[in-house]
Amino acid sequence: MLLFAAILFWINSSLTDSFQSLADGRQRKTAVAAMGSAPSGDDAIEAWLKRISSQNDEFDLIFLRGFPEDEGGMRAFAGTPELEELLGSYEGTRSFAKGLESSMYDEVFQPSDRLTVRGETRRVLFAPAHDGETGDIVGTALFLISSSDFDSFLTLMRGLFILALVIFTAVFAVATYSRDPVTGFIILGLFTIVAIFVAYPLFEAVRLTFVQEGRFSLEIWRSILSQKQYLNALQGSIELGVYTATASTAVGFLFAFVISRTGIRGKRFLSAIATLPVISPPFSLTLSIILLFGNNGLITRQLLQLEGFSIYGLGGLTVVQTMGMFPIAYLTMIGVLEGIDSTLEDAAMNLRATRWETFRTVTLPLSVPGLLSSWLLVFTNSLADFANPLILAGNFRVLSVESYMEVTGMNRLGHGAALSLLLLMPTLSAFLVQRYWVSRRSFVTVTGKPSARLTDLVSPGLKRVLLAAMFVIIAFLLSLYGTIIAGCFVKNWGIDYSFSLSNIREAFERGWRVLLDTLTLAGMATPIAGFLAMIAALVLTRKNFPGKRLLDMLILTPFALPGTLVGISYILAFNKAPLILVGTGAIIVINYVIRELPVGVEAGIVSLRQIDPSIEEAAADLGADVPTIFRTIVLPLVRPAFISSLSYTFVRSMTAVSAVIFLISAKWYHLTVQIYNFSECLRFGLASVLATTLIVIVLLTFGLLHVLVRKNENLAKTVSN
Amino acid sequence: MDIQSKSVTLENVSKVFKDPQSGRDVVAVDGADFTIAPGELVTLLGPSGCGKTTTLRMIAGFELPTTGRIRIDTEDITLLPPNKRDTAMVFQSYGLFPHMNVFDNVAYGLRLRKVPQKELSERVMRYLGMVGLGDLAKRPPSRLSGGQQQRVALARSLIVEPSVLLLDEPLSNLDALLREQMRVEIRRIQKSLGITAAYVTHDRVEAMSLSDRIIVMNGGKIVQIGTPHQVYRDPADAFVAGFIGKVAFFPAAVIGIDEACTVEVRGKTFALPRFSERLRGAERALVMCRPESLTLLPPGEGILDGRVTTNVYLGHSIESFVSTDMGEILVQVDNPDARRVFGEGEAVSISFIPELTKALPEAEA
Chain A
163 MLLFAAILFW INSSLTDSFQ SLADGRQRKT AVAAMGSAPS GDDAIEAWLK
213 RISSQNDEFD LIFLRGFPED EGGMRAFAGT PELEELLGSY EGTRSFAKGL
263 ESSMYDEVFQ PSDRLTVRGE TRRVLFAPAH DGETGDIVGT ALFLISSSDF
313 DSFLTLMRGL FILALVIFTA VFAVATYSRD PVTGFIILGL FTIVAIFVAY
363 PLFEAVRLTF VQEGRFSLEI WRSILSQKQY LNALQGSIEL GVYTATASTA
413 VGFLFAFVIS RTGIRGKRFL SAIATLPVIS PPFSLTLSII LLFGNNGLIT
463 RQLLQLEGFS IYGLGGLTVV QTMGMFPIAY LTMIGVLEGI DSTLEDAAMN
513 LRATRWETFR TVTLPLSVPG LLSSWLLVFT NSLADFANPL ILAGNFRVLS
563 VESYMEVTGM NRLGHGAALS LLLLMPTLSA FLVQRYWVSR RSFVTVTGKP
613 SARLTDLVSP GLKRVLLAAM FVIIAFLLSL YGTIIAGCFV KNWGIDYSFS
663 LSNIREAFER GWRVLLDTLT LAGMATPIAG FLAMIAALVL TRKNFPGKRL
713 LDMLILTPFA LPGTLVGISY ILAFNKAPLI LVGTGAIIVI NYVIRELPVG
763 VEAGIVSLRQ IDPSIEEAAA DLGADVPTIF RTIVLPLVRP AFISSLSYTF
813 VRSMTAVSAV IFLISAKWYH LTVQIYNFSE CLRFGLASVL ATTLIVIVLL
863 TFGLLHVLVR KNENLAKTVS N
Chain B
45 MDIQSKSVTL ENVSKVFKDP QSGRDVVAVD GADFTIAPGE LVTLLGPSGC
95 GKTTTLRMIA GFELPTTGRI RIDTEDITLL PPNKRDTAMV FQSYGLFPHM
145 NVFDNVAYGL RLRKVPQKEL SERVMRYLGM VGLGDLAKRP PSRLSGGQQQ
195 RVALARSLIV EPSVLLLDEP LSNLDALLRE QMRVEIRRIQ KSLGITAAYV
245 THDRVEAMSL SDRIIVMNGG KIVQIGTPHQ VYRDPADAFV AGFIGKVAFF
295 PAAVIGIDEA CTVEVRGKTF ALPRFSERLR GAERALVMCR PESLTLLPPG
345 EGILDGRVTT NVYLGHSIES FVSTDMGEIL VQVDNPDARR VFGEGEAVSI
395 SFIPELTKAL PEAEA
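Going down the list, the sequences are from chains A and B. Oh and the first sequence: position 184 is 346 in the working numbering, straight run, nothing missing. Oh and the second sequence: position 239 is 283 in the working numbering, straight run, nothing missing.
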């Protein structure tokens, strides 16, 4: 232990020394070169000093002409009163005398003294000055060199030294004192990962919003909270969120109610349609809305010949977001409605309530918590949505797009970070409401006894109305998807509707490499995220250690963060030492892993909770160590959760956009961004082809998942009993 | 089957948990100190929450003792992780691997020990035969009955030939008939292998019928260690007496102690040959009477008058429930054909046979 510390210290000090000598050498050269030809006249010297000081803020210069021993004595040219005063106090010191002496012998001297000029610490350097013509030594130049670069390097070195020491101590302690070093290392590793890739970027983002020109300042926040442009964006985001959430919840409830409470056929088909938009890539619905209702849209222009109609703005966005997000509400509501024991409704009717009274007094009150939480879920999703408003917002402003524009358009990272943090506030409060209010009011009880539905809750007439509404929505949704597919085969949408394969050829010619990039990055992130999620879930469910809640919280945090915030904080944190990752594929992969980890971890925790801990204990008891237990027992048992978290990560990484748009580079591009670029240039045909490709990939992935998990169904039964 | 029997020693072992809700310390096991001899089956018996399972889990290595040491033979295993200990545990919920069939479950421990395939399958089949499951090797555990699952768990633990077998309420999930059957079987196998075993249960009948010795625990403390006969006939205190079997207590005044303890119960004096040493110097005592140490006499002749409420005829004996002003007392009348039996509703008087009782100190905290 001590030996290692000594080695670290030695490395640290020798590195520092070598940097110091390197820096010194450079400065010496500059100094000597500058003093090769000093002017001689008083006025010339003053002018020369002025020029130097105005050109330069790296150093200040005091020129000492002649030497004290000369018959004319020594004259100092300081330039400013402050430097003169400084010289007065420095003149008597030993280093000063030594500096003059070395200069007389034509040598550069650098004492370890530090002087303060204009509140800044300076290092001191004495250099001999030569007459330009004769080459004689005519005096001494006293440089006061800014040392902030150097000092910050020293600070960094010290920081790294301490960090290395801390890590080593932790590793050493775990290995020596823990009975279960593998788990210890895993926990240590998880903490390191979340500290670097969750906590640090967030901290950087927050910090940047309080810093202006290197100092603490509230300027950014003041401008954000006072300028109309930003306030409009905030208002727009909230407005859009409220409309979308309300509409989506209504549609979602309609679907959930019809599917769970009426005896219609084809429930599985309807359910599949209703969940389709959840997995469809960004831009796809927006794209087809533009193809149908845009300025040159099939319906608005070709069929109805409307003038002055614009789909861009709040109305169009609400429609697109509702179509894209009502599945979230549907999935929440179907869970709630199926959780309500239908014997309750039967009991109400048995007590002579009419159908409507039953619905109003039993079904509706019981589903209020579900309605609220689905509203909040859609609301937060709508706020975080980036892809749809990016294309469809028009003059309407929302926060997510605004923060993107600040960063990429204006290069104002601080403002971008602040705007996306603003986005976090409603998200966070919605989350807190959900967590502490709605969840407490949940009435859903799991009885475990599926009760047969005896009576329909709606009259045949009403049922027909509900069904009709549902089929209108489904038809609209399917026509949107149909439009994208049609868009691939049409020569030039809006102008020339003849059949053509040229779009497909061109799209793949131009997008092939991007598709490969996207597949590679998602393919790399998927197994990493999957394994990490299962390991983290295992540690969080089965082990007790200090800081467990903190780790849990940090792992789950990225789930609540809007993608734009994650993207901005990553470019802030990883575009500088010590970790320069911007521009690499690694930062994209890391971003995928960190963002999709929460869902995998949750799935892993849920399935591990259903597994009797004594199964793992039995394995340990029979001689299996932690890695063996993970490989032979845990992984096979959580296989369904593992596989679905793999496919989830893959699909989400393939369809990511909000964070990744900040992180892509010429070398590593993303398909969704390419779709965006094509639609920006109005090449909707090319965009359609890529969007369709993505949809196909996503569907294939889920098909594969279905096949793989189906095999495990009998296993799942065993685990739960 | 060459299992090397080894002893297990706990030296002043304590375990303190932190209560996650209140954050207060809870003493689960308090100064456990005992040795299980090689080849012996010892039962840890006590009500739920008495620390018996925690003690077992500390021997297995799933919990770390807060203080004290645990040894197998002379080797100190206090800090060894479970997978490095030569113990094998049978869990209350069996802990069978649901994704493996019976054969693979039993083979798991051998595979970890890199036993060659041929020897492995030969040994697995031998142990499956021993627990009577030879023909179910290919079944998944989900298609086994509770008793069969129990046997698989037992075979899986035994096949690694541990020096100590640990059983954590292994029969609690089985129905009464099966429980009795498995009890006999576990004891048979344990004896035939000569394996050292620690068995946790809260069922006194199970403990009495299985054990070489019983360790009675209460509130984290060991109250008595002894053979089934000792803890039944000669309990350390009123708690053990009550937990181990049906019992009636008569409050008594201590008159004197020499060879026997002379007490006065409701005006009559008895000399009790068995008494607790803690009674020396005490004024009050309890006379512990098992149902078979009580007798029924005509009214006025015994120490406590009452009336028979119910008679349960068991063939070799009759259980008479007598209602008295001390509550209902169970009296076992052995060999009913040879003595007078009081019918239901008859007035009786209860007395006891001093040689079959024990004087205990009054219940303390």
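Note that the Cβ used here is the ideal one computed from N, Cα and C, for glycine as well.
Nearest candidate by alpha-carbon position, reference residue i, set the options
| i | options | result |
| --- | --- | --- |
| A199/B | K162/B, L54/B and Y152/B | Y152/B |
| S769/A | L844/A, A698/A, K829/A and F372/A | A698/A |
| V377/B | L338/B, G346/B and M370/B | L338/B |
| E390/B | S361/B, P380/B, L340/B and D369/B | L340/B |
| F287/B | D302/B, T245/B, L316/B and A315/B | T245/B |
| R384/A | A509/A, V560/A, R227/A and L581/A | L581/A |
| L561/A | L852/A, I553/A, D547/A and T570/A | D547/A |
| T680/A | K212/A, K829/A and K429/A | K829/A |
Local Cβ density within 10 Å of residue i, reported as buried at 16 or more and exposed below that
| i | result |
| --- | --- |
| M587/A | exposed |
| F707/A | exposed |
| S882/A | Low per-residue confidence applies at S882/A: pLDDT is 36, beneath 50, and the placement is therefore not dependable, though the value from the model is reported in the following sentence. Exposed, by the Cβ-count rule. |
| C281/B | Looking at the sequence provided, one finds Asp at residue 281/B rather than Cys. Looking at its Cβ environment, which holds 16 or more other Cβ atoms inside 10 Å, D281/B is buried. |
| I382/A | buried |
| T331/A | exposed |
| V57/B | buried |
| K611/A | The predicted model places K611/A with a pLDDT of 46, which falls under 50 and marks its position as unreliable; any figure quoted below should be read in that light. Result: exposed. |
| N557/A | exposed |
| E778/A | buried |
| A335/A | exposed |
| L866/A | exposed |
| N262/B | buried |
| R284/A | buried |
| V869/A | exposed |
| H419/B | Outside the displayed span of chain B (45 to 409) sits residue 419/B, for which this structure offers no information. |
| K402/B | buried |
| V267/B | buried |
| L221/B | exposed |
| P64/B | exposed |
| A735/A | buried |
Extent of the continuous beta strand (DSSP E) to which residue i belongs
| i | result |
| --- | --- |
| C305/B | C305 to V309 |
| P279/B | No beta strand (DSSP E) contains P279/B, which DSSP labels as neither H nor E. |
| Y357/B | L348 to Y357 |
| R285/A | E282 to H292 |
| Y243/B | T240 to T245 |
| G75/B | D69 to I80 |
| R257/B | R257 to N262 |
| T111/B | T111 to I116 |
Beta-carbon proximity check, residue i vs residue j, cutoff 9 Å
| i | j | result |
| --- | --- | --- |
| N323/A | F171/A | Position check: residue 323/A holds Phe in this sequence, whereas Asn was assumed. The answer is yes: Cβ separation under 9 Å. |
| Q272/A | G576/A | no |
| V298/B | V275/B | no |
| K50/B | I116/B | yes |
| D113/B | L210/B | One detail in the question is off: residue 113/B reads as Arg in this sequence, not Asp. Going by C-beta atoms, R113/B is not nearer than 9 Å to L210/B. |
| I473/A | G456/A | yes |
| F541/A | V819/A | no |
| G766/A | A803/A | yes |
Residue range of the alpha helix (DSSP H) that includes residue i
| i | result |
| --- | --- |
| M511/A | S504 to N512 |
| I355/A | P343 to V356 |
| R542/A | Before going on, a small fix: residue 542/A reads as Thr here, not Arg. Per DSSP, T542/A belongs to the alpha helix (DSSP H) from L526 to A546. |
| I696/A | Per the sequence presented here, residue 696/A reads as Met, with Ile not at that position. Per DSSP, M696/A belongs to the alpha helix (DSSP H) from S664 to R704. |
Any non-hydrogen atom of the ligand FAD within 8 Å of residue i CB
| i | result |
| --- | --- |
| L370/A | Absence of the ligand FAD from the depicted structure is noted, as is the absence of any ligand whatsoever, leaving it without description. |
query = Which residues, taken in chain order from the region 778-794 of chain A, show a beta carbon closer than 9 Å to some beta carbon of chain C?
reply = This model lacks chain C altogether; the protein chains it does include are A and B.
task = Report the residue ranges of all alpha helix (DSSP H) runs contained in full by the region 421-475 of chain A; include only those spanning at least 4 residues, in chain order.
result = 429-441 and 446-455
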